[in-house]
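Protein chains in written order, with numbering that gives the first Met the number 0: chain A, 0 to 136; chain B, 0 to 136; chain C, 0 to 136; chain D, 0 to 136.
A virtual CB, placed ideally from N, CA and C, is assigned to each residue, including glycine.
Comments concern the structure below.
Protein chains: 4
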Amino acid sequence: MPAVEAALRSHPARPTHPDAMSRCIEACYTCAGTCTACGDACLSERDVEGLLACIRQNLDCAAICLATGSVVARSKAGASRQVLESQLSVCAAACRACADECRRHGETHRHCRVCALACNECAQACTEMLAALRAVV
Amino acid sequence: MPAVEAALRSHPARPTHPDAMSRCIEACYTCAGTCTACGDACLSERDVEGLLACIRQNLDCAAICLATGSVVARSKAGASRQVLESQLSVCAAACRACADECRRHGETHRHCRVCALACNECAQACTEMLAALRAVV
Amino acid sequence: MPAVEAALRSHPARPTHPDAMSRCIEACYTCAGTCTACGDACLSERDVEGLLACIRQNLDCAAICLATGSVVARSKAGASRQVLESQLSVCAAACRACADECRRHGETHRHCRVCALACNECAQACTEMLAALRAVV
Amino acid sequence: MPAVEAALRSHPARPTHPDAMSRCIEACYTCAGTCTACGDACLSERDVEGLLACIRQNLDCAAICLATGSVVARSKAGASRQVLESQLSVCAAACRACADECRRHGETHRHCRVCALACNECAQACTEMLAALRAVV
Numbered sequence: 000m001p002a003v004e005a006a007l008r009s010h011p012a013r014p015t016h017p018d019a020m021s022r023c024i025e026a027c028y029t030c031a032g033t034c035t036a037c038g039d040a041c042l043s044e045r046d047v048e049g050l051l052a053c054i055r056q057n058l059d060c061a062a063i064c065l066a067t068g069s070v071v072a073r074s075k076a077g078a079s080r081q082v083l084e085s086q087l088s089v090c091a092a093a094c095r096a097c098a099d100e101c102r103r104h105g106e107t108h109r110h111c112r113v114c115a116l117a118c119n120e121c122a123q124a125c126t127e128m129l130a131a132l133r134a135v136v
Numbered sequence: 000m001p002a003v004e005a006a007l008r009s010h011p012a013r014p015t016h017p018d019a020m021s022r023c024i025e026a027c028y029t030c031a032g033t034c035t036a037c038g039d040a041c042l043s044e045r046d047v048e049g050l051l052a053c054i055r056q057n058l059d060c061a062a063i064c065l066a067t068g069s070v071v072a073r074s075k076a077g078a079s080r081q082v083l084e085s086q087l088s089v090c091a092a093a094c095r096a097c098a099d100e101c102r103r104h105g106e107t108h109r110h111c112r113v114c115a116l117a118c119n120e121c122a123q124a125c126t127e128m129l130a131a132l133r134a135v136v
Numbered sequence: 000m001p002a003v004e005a006a007l008r009s010h011p012a013r014p015t016h017p018d019a020m021s022r023c024i025e026a027c028y029t030c031a032g033t034c035t036a037c038g039d040a041c042l043s044e045r046d047v048e049g050l051l052a053c054i055r056q057n058l059d060c061a062a063i064c065l066a067t068g069s070v071v072a073r074s075k076a077g078a079s080r081q082v083l084e085s086q087l088s089v090c091a092a093a094c095r096a097c098a099d100e101c102r103r104h105g106e107t108h109r110h111c112r113v114c115a116l117a118c119n120e121c122a123q124a125c126t127e128m129l130a131a132l133r134a135v136v
Numbered sequence: 000m001p002a003v004e005a006a007l008r009s010h011p012a013r014p015t016h017p018d019a020m021s022r023c024i025e026a027c028y029t030c031a032g033t034c035t036a037c038g039d040a041c042l043s044e045r046d047v048e049g050l051l052a053c054i055r056q057n058l059d060c061a062a063i064c065l066a067t068g069s070v071v072a073r074s075k076a077g078a079s080r081q082v083l084e085s086q087l088s089v090c091a092a093a094c095r096a097c098a099d100e101c102r103r104h105g106e107t108h109r110h111c112r113v114c115a116l117a118c119n120e121c122a123q124a125c126t127e128m129l130a131a132l133r134a135v136v
């Protein structure tokens with residue numbers, strides 16, 4: 000998302016890691032979109048009854064990613080910095096849990112395979128954002 | 000939110016704590032609405048420059064509460080149960096952080112005083128939901 | 000949501016209809032929570048394959064209600080006022096569409112019956128908010 | 000967002016316009032992220048009092064874009080198809096309104112200039128998605 004990064008780079012508070020932030024925001028939103036599409040695709044599969052846990056994890060992961068993306072995009076100080084770090088950890092955990100579930104259906108359903116990758120990339124981006132935050136402090 | 004509780008009580012998976020769930024969902028949404036209104040009121044105050052941290056915490060808290068409310072409303076098993084517990088903890092922490100910031104402006108601005116209360120109630124509801132979940136496991 | 004109304008009543012811009020606003024915000028969030036719970040309950044029903052359209056409408060309605068609730072909570076002027084009016088119209092339409100679909104399953108599933116009522120109440124609250132806005136202009 | 004498009008392309012209901020859908024979802028999320036970052040940057044500007052309308056439009060536009068992105072990602076039939084079309088129209092209008100406001104500050108603030116572009120791209124993507132939907136019907 001070059002637009003997000005460009006906006007962050009002209010932010011008067013000069014965020015220390017505009018690149019990690021914009022990668023994390025993009026990964027969160029891509030993961031949310033992919034999870035939403037995967038959950039909808041699962042609903043249309045003949046074996047929908049075997050995909051119920053996957054659909055629920057898709058929806059939870061999408062909700063958590065959207066919130067995380069928007070929290071990452073705002074400046075932090077003090078207590079809100081710790082909230083950001085905790086939210087990034089939960090987001091990474093939600094993405095890993097969703098990736099694990101999607102991978103179970105990956106041989107049968109391509110959308111689950113694709114979704115597992117997007118979830119893993121988002122978990123990775125959240126982890127790198129956390130590392131960047133901690134390196135600064 | 001009697002409607003949410005009634006929907007949960009007729010859920011075929013028979014959630015073990017429909018009352019704690021619906022109280023938590025209601026508290027999350029009430030907190031999100033109050034934080035959104037408080038942040039907008041802060042923007043209109045003459046001393047907006049002294050309220051910037053409050054506005055940002057309001058917006059983060061609202062985003063986290065909306066995601067948490069929707070995650071609480073879905074059935075959980077296995078790994079997604081742990082994600083729920085972590086998300087509830089982060090939501091409680093975000094609400095406490097926002098309440099602390101709002102309280103600093105509570106003498107001057109009634110909306111901040113009201114918002115601190117809504118945040119504290121949401122933190123409490125998330126904590127009680129967590130206790131209910133752990134009692135079952 | 001007395002907290003939302005209290006926050007709006009102490010807003011320095013003195014919104015003209017804090018009561019209609021807070022009722023609308025509450026109805027949007029209650030509808031979002033009920034739709035989320037209803038969609039999850041539908042996923043657990045034996046006849047899930049007959050409820051796919053209902054689940055999708057529940058999820059769309061919840062997403063639209065959450066956005067609408069947060070847009071209603073912010074002050075408007077000029078072009079953003081028109082955006083608010085259009086968003087309220089779409090929200091009312093989404094709620095009516097979801098209520099119609101839920102009602103089709105209302106005899107069999109209590110959560111669908113409950114959800115249809117919450118959707119109708121939200122459609123009504125959005126319509127009243129629109130009327131209040133237009134009366135002022 | 001190649002992941003979103005790949006998920007849509009393996010959707011068993013075979014959406015007729017996976018390319019327009021994924022472009023629209025990506026534009027909605029990019030716009031939401033850019034608006035969130037721009038609003039936060041505005042809060043840090045010395046002339047924050049001249050940017051209040053911009054901040055509010057950023058927040059409204061972000062909320063509407065996130066909801067629209069998730070509604071676009073789900074299959075539609077019947078009444079929910081009309082809700083999708085209306086939501087796309089409102090999203091395009093919200094983006095144009097936010098772009099107009101941002102452009103007013105574009106000479107002074109680069110983040111507003113960048114945000115106006117992201118808003119215009121999203122308005123365009125929503126309009127193209129609408130055209131694709133209507134061509135099919």
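Quick check: the Cα distance between residue i and residue j, rounded to an integer number of angstroms?
i, j, result
"residue 52 of chain B", "residue 100 of chain B", "8 Å"
"residue 45 of chain A", "residue 110 of chain A", "14 Å"
"residue 59 of chain B", "residue 93 of chain B", "8 Å"
"residue 23 of chain A", "residue 50 of chain C", "36 Å"
"residue 119 of chain D", "residue 81 of chain B", "40 Å"
"residue 0 of chain A", "residue 104 of chain D", "22 Å"
"residue 85 of chain C", "residue 91 of chain C", "10 Å"
"residue 14 of chain C", "residue 8 of chain C", "7 Å"
"residue 17 of chain C", "residue 17 of chain B", "31 Å"
"residue 4 of chain A", "residue 21 of chain A", "5 Å"
"residue 41 of chain B", "residue 133 of chain A", "31 Å"
"residue 107 of chain B", "residue 69 of chain A", "29 Å"
"residue 43 of chain A", "residue 29 of chain D", "28 Å"
"residue 47 of chain C", "residue 83 of chain B", "24 Å"
"residue 10 of chain C", "residue 10 of chain B", "40 Å"
"residue 37 of chain B", "residue 61 of chain B", "10 Å"
Rounded to the nearest angstrom, how far is the Cβ of residue i from that of residue j, given a contact under 8 Å?
i, j, result
"residue 35 of chain B", "residue 73 of chain C", "7 Å"
"residue 19 of chain A", "residue 128 of chain A", "5 Å"
"residue 115 of chain A", "residue 98 of chain A", "4 Å"
"residue 113 of chain A", "residue 89 of chain B", "The pair is not a contact, with the Cβ atoms about 28 Å apart (cut-off 8 Å)."
"residue 33 of chain A", "residue 6 of chain D", "5 Å"
Measuring alpha carbon to alpha carbon, tell me which residue in the options is nearest residue i.
i, options, result
"residue 87 of chain B", "B:131, B:5, B:8", "B:131"
"residue 66 of chain B", "A:31, A:77, A:117", "A:31"
"residue 96 of chain B", "B:129, B:83, B:18, B:122", "B:122"
"residue 56 of chain B", "B:39, B:70, B:71", "B:39"
"residue 63 of chain C", "C:27, C:5, C:2", "C:27"
"residue 71 of chain B", "B:77, B:125, B:33, B:117", "B:125"
"residue 79 of chain A", "B:54, B:17, B:76", "B:54"
"residue 2 of chain C", "B:25, B:21, B:2, B:3", "B:25"
Secondary structure at residue i, three-state DSSP: helix, strand or coil?
i, result
"residue 106 of chain B", "coil"
"residue 0 of chain A", "coil"
"residue 44 of chain C", "coil"
"residue 49 of chain B", "helix"
"residue 15 of chain B", "coil"
"residue 92 of chain D", "helix"
"residue 55 of chain B", "helix"
"residue 68 of chain A", "helix"
"residue 38 of chain C", "helix"
"residue 77 of chain A", "coil"
"residue 85 of chain C", "helix"
"residue 21 of chain C", "helix"
Does residue i have its Cβ less than 8 Å from a Cβ in chain E?
i, result
"residue 132 of chain B", "Absence of chain E from the displayed structure is noted, the protein chains being A, B, C and D."
Cβ-based contacts, 8 Å cut-off: residues of the segment 111-130 of chain C near chain D: Going along the segment 111-130 of chain C in chain order, one finds no residue with a Cβ nearer than 8 Å to chain D.
Name the residues in the segment 28-61 of chain A whose C-beta lies less than 8 Å from a C-beta of chain C; which are they? Residues passing the 8 Å Cβ filter: 39, 42, 43, 47, 48, 51, 54, 55, 58.
Of the residues that make up the segment 76-88 of chain A, which ones have a beta carbon closer than 9 Å to any beta carbon in chain B? Cβ contacts with chain B: 76, 77, 78, 79, 81, 82, 83, 85, 86, 88.
Taking a Cβ distance cut-off of 7 Å, strictly less, list which residues of the segment 5-17 of chain C are near chain B, in chain order. Per Cβ criterion, the list reads 5, 6, 7, 9, 10, 11, 12.
Give me the subset of the segment 92-108 of chain D whose CB atoms are less than 7 Å from a CB atom of chain C, sorted by chain position. Under the 7 Å Cβ criterion, the segment 92-108 of chain D contributes 92, 93, 96, 99.
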